[in-house]
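Input: a single structure, listed below in structure tokens.
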Amino acid sequence: MKKKVLILVLTVLSVFPVAAQNRWGVTGGLGWSFSCTDKADFDGARPGFYLGGLYDVKLSEQWYFQPQLLFTRTSHRISISDVKGFNDVYSLELPLQVGYNIPLCPFDLRVSGGVFANYKLFGVMKDVNVESDLTSGTSKVTEGKRDSYSIGGRDRFNGGVQLGVTLNHKHWFYGLDVKYSFLRRNQEYREPRRLLFRIGVGYKF
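With mature numbering (1 follows the signal peptide of the UniProt record, and there is no 0) applied, the sequence shown corresponds to residues -20 to -1, 1 to 185, in that order.
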């Protein structure tokens, strides 16, 4: 029994120095989402944002694993028939990244890659309806209300791959990420696969 306890204590002591280097953190920033085709109802980028937490796991001297949980907003212009406006989607996102640290005293440069899963929570839409009078040749433009809309079952889920670079200095880090979605995010309005560019800042405790 004593031998088993001793082995358990030694195991915990051997793991603790590595675990002590794992850190929680917070991050946030801005993002821009672009269509990967010019034949889309959602055809232009608007600024979005993201905010959330992370856990930085040190796998070795230079390799890291970093899961995150983010609350995000992606936004883009709409062009569907006579409807012009913009669409905002609010989601929960789970990025899973593996990173490699390159020491650049006094900074560390981390190059990372991985996958992400996205779950839509809700969305809002604002449109401008254009009413044309063909007789007089004039148009009346009325600004529509910003309304919420429901998101159907399978359209709630999205996922893809991502690449990024992060500049780390002590507890602070500054990053640039590029994401590519595998799934079309809205079947009804033919929203295409998208590229998402993000810049942000974070702090590890």
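Beta carbons: idealized from backbone N, C-alpha and C, even for Gly. Owing to the predicted nature of the structure, the values given are computational and were not obtained by experimental measurement.
Taking the DSSP output, what are the residues bridged to R173? Beta-bridge annotation (DSSP): R173 is not paired with any residue.
Using C-beta distances below 7 Å, list every residue in its chain close to L39, excluding the 5 sequence neighbours before and after it, in chain order. Answer for L39: F45, listed in chain order.
Just how far apart, CA to CA, sit L143 and L89? Rounded to whole angstroms, L143 and L89 show a C-alpha spacing of 14 Å.
What residue does the beta strand (DSSP E) around L159 start on, and which one ends it? Note that residue 159 is Lys in the sequence shown, not Leu. Its beta strand (DSSP E) spans residues 152 to 161.
Pairwise C-alpha distance: K150 and F87: Near 8 Å, if we compare the C-alpha coordinates of K150 and F87.
Since R53 and V69 should fall inside the 8 Å C-beta cutoff, what is the C-beta to C-beta distance between them, to a whole number of angstroms? For R53 against V69, the beta-carbon gap comes to about 7 Å, under 8 Å, which counts as contact.
Identify which residue in W152, F162, R174, Y160 has its Cα closest to the Cα of K184. Ranking the options by Cα distance to K184, first place goes to W152.
So who's on the other strand from S92, going by DSSP bridges? G79, G144.
Out of G9, F29, L74, state which residue places its alpha-carbon closest to the alpha-carbon of G155. In this structure, G9 is the residue among G9, F29, L74 with its C-alpha nearest to the C-alpha of G155.
In whole angstroms, give me the CA-to-CA distance for V181 and L34. Distance between the alpha carbons of V181 and L34 is about 12 Å.
Let me confirm a value: E41 is counted as buried when at least 16 other C-beta atoms fall within 10 Å, else exposed. Which label applies? Its Cβ having fewer than 16 others within 10 Å, E41 is exposed.
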